[in-house]
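Peer 1: Read in the numbering used here, the sequence shown has 151 at position 102, and its numbers run on one by one without any break. Quick one: the structure is below, and I'll ask about it shortly.
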Amino acid sequence: MKPGQTSSLQLPSFLHGTYPEVQQKTQREGLRCGEHYRKDGSLPSPAKLLEVRPGEAVVTQDLIDFYRERSAWRLYMVSNVKSSLCEALDWPDTYEVDDHYEAFCRETAWGALYFAIAQTAPKSAERMALRLQALLRFWEPLQSARYLFNSPNDTLTLDELMMAARDWAMDAWCPEGDASASVRERLERAAERMARATREESIEAILRQLPRVLTSSRGLKHRDVLADPGFQRERLAQLDVRAFERVSGACTSDILALLHAWDRQIGKQ
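This is the structure we're talking about:
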């Protein structure tokens, strides 16, 4: 455990309560952050942190938050703070603010976890490396809690949560298949490789993922062409810098979107 860390997980008080309560509190927090940011370009720490008690589960996804009248930890509603922050500033370009808020949050256990598992763009190799490295710095306190991710009834350990949310990162970037390696060790290797990945290394990671993505995808009209490794490599090589950066992390959803774009292009030829 790092110096200054607690052995238990602490979350901002604005993330706890019924859904309407958390919605109001996170909106107020976003406005507070916006006012602070407008003054000097910095962001304030949460006014109050509370410890997640043993047995309490942290809800990490909106889609499984069925019991909104119950008090709970609602980590996924960090997104509401982000939205309110941008609304408070009322700037046409919010990318810089988003980046600043993410970097600020990654210095906390709760923020590191949120950005490591959220479906938040961008998911480039460089950005995902930063997110996973932040998560790994807070591994011990995050292990003390339990999480709801893909079912409202099944609580997961941190290892199980990361397998459910970021198995693609381990498969793409740590494919050796060492049965003795822990989830933490595989994430460490994946983050290290993402951080220093060349374009060619990112292409190889994407190519490792493509067969699995093709198997699970539906609605593709030119599956045989898309399954050709030569076609895949050629199309990846043709992507400009910005387009390639978006998919360089080899995230399953990004690769799926790329496949459907290629499928439409083939249909127009």
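Just so it is clear, CB atoms sit at the ideal spot from N, CA and C, and this is done for glycine as well. No experiment lies behind these values; they were computed from the predicted model shown.
(1) What residue from R295, S266, A299 and I255 has the CA that sits closest to R282's CA?
(2) So, is V290 buried or exposed, given that buried needs 16 or more other C-beta atoms within 10 angstroms?
(3) By the 10 Å Cβ neighbour count, where 16 or more other Cβ atoms means buried, how is N129 classified, buried or exposed?
(4) Which same chain residues, not among the five before or five after T143, have their C-beta less than 7 angstroms away from its C-beta?
(5) Please go through the segment 51-133 and give each complete alpha helix (DSSP H) segment of 4 or more residues, from N-terminal end onward.
(6) Where do the N-terminal and C-terminal ends of the alpha helix (DSSP H) with R248 fall, by residue?
(7) Contact check, L181 vs A218 under 8 angstroms by CB: the rounded distance?
(8) Please classify R119: is it buried, with 16 or more other beta-carbons within 10 angstroms of its beta-carbon, or exposed?
(9) Does T301 come out as helix, strand or coil in the three-state DSSP assignment?
(10) Relative to the C-alpha of R102, which residue among L285, Q59 and P93 is closest?
(11) Would you grab the beta carbon distance between K131 and D147 for me? Rounded to a whole angstrom, and I think it's under 8 angstroms.
(12) What is the rounded straight-line gap between the Cα of E237 and the Cα of C223?
(13) Considering only residues of the segment 132-158, which uninterrupted alpha helix (DSSP H) runs meet the minimum length of 4 residues and lie entirely inside it, listed in chain order?
(14) For L64 and A137, what's the separation of their Cα atoms in angstroms?
(15) For V196, write down the residues that DSSP places opposite it in a beta bridge.
(16) Can you find the residues in the same chain that come closer than 8 angstroms, C-beta to C-beta, to L269, ignoring five residues on each side of it along the sequence?
Peer 2: So, from the data block:
(1) When only C-alpha atoms are compared, the closest one is I255.
(2) If you draw a 10 Å sphere on the C-beta of V290, you find fewer than 16 other C-beta atoms in it, and that means exposed.
(3) The residue in question, N129, is buried, as its Cβ has 16 or more Cβ neighbours within 10 Å.
(4) Cβ neighbours of T143 beyond the five flanking positions: C135.
(5) The segment 51-133 contains these whole alpha helix (DSSP H) runs: 68-89.
(6) DSSP places R248 in the uninterrupted alpha helix (DSSP H) bounded by R248 to S265.
(7) The C-beta separation of L181 from A218 comes to about 7 angstroms, placing the pair in contact by the 8 angstroms criterion.
(8) When all chains shown are included, R119 counts as exposed.
(9) DSSP, reduced to helix, strand and coil, places T301 within a helical segment of the structure shown.
(10) Checked all of L285, Q59 and P93; the closest Cα to R102 is Q59.
(11) Confirmed, about 7 angstroms.
(12) Rounded to whole angstroms, E237 to C223 spans 9 angstroms at the Cα level.
(13) Positions of the alpha helix (DSSP H) runs, each at least 4 residues long and wholly inside the segment 132-158, are given as 144-154 in order along the chain.
(14) Their backbone Cα atoms lie some 19 angstroms apart in a straight line.
(15) The question names Val, but residue 196 in the sequence shown is Tyr. Per the DSSP secondary-structure output, Y196 pairs in a beta bridge with V107 and L205.
(16) L263, L275, L308, H309 and D312.
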